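Chemist: Per numbering that gives the first Met the number 0: the sequence shown = residues 0 to 58.
In this text, a Cβ means the ideal position worked out from N, Cα and C, and glycines have one as well.
A quick note: this is a predicted structure, and the numbers were derived from the prediction, not measured.
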Amino acid sequence: MDLLGWALIALVISLIAGALGFTGLAQGAATIAKVLFGIFLVAAVILFIMAMAGISLIL
0 MDLLGWALIA
10 LVISLIAGAL
20 GFTGLAQGAA
30 TIAKVLFGIF
40 LVAAVILFIM
50 AMAGISLIL
């Protein structure tokens, strides 16, 4: 999977965590969902920048 694919996965996870954390659907885990939203949103932005700059991610 290329770097852009990883960035899209991180973005989707971020959006799901944000939906659960900020809408109140998961009352007990809202704080955890908000933290995960922030982490994966930052990861998605970094991966998008790396993909646009042509930097490869070796896994």
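From F21 to V34, what distance separates their C-alpha atoms?
Modeler: Each residue's CA atom was taken as its position, placing F21 and V34 some 11 Å apart.
Chemist: May I have the straight-line CA-CA distance separating S55 from L2, to the nearest angstrom?
Modeler: 7 Å
Chemist: Assign G53 to one of three DSSP states: helix, strand, or coil.
Modeler: coil
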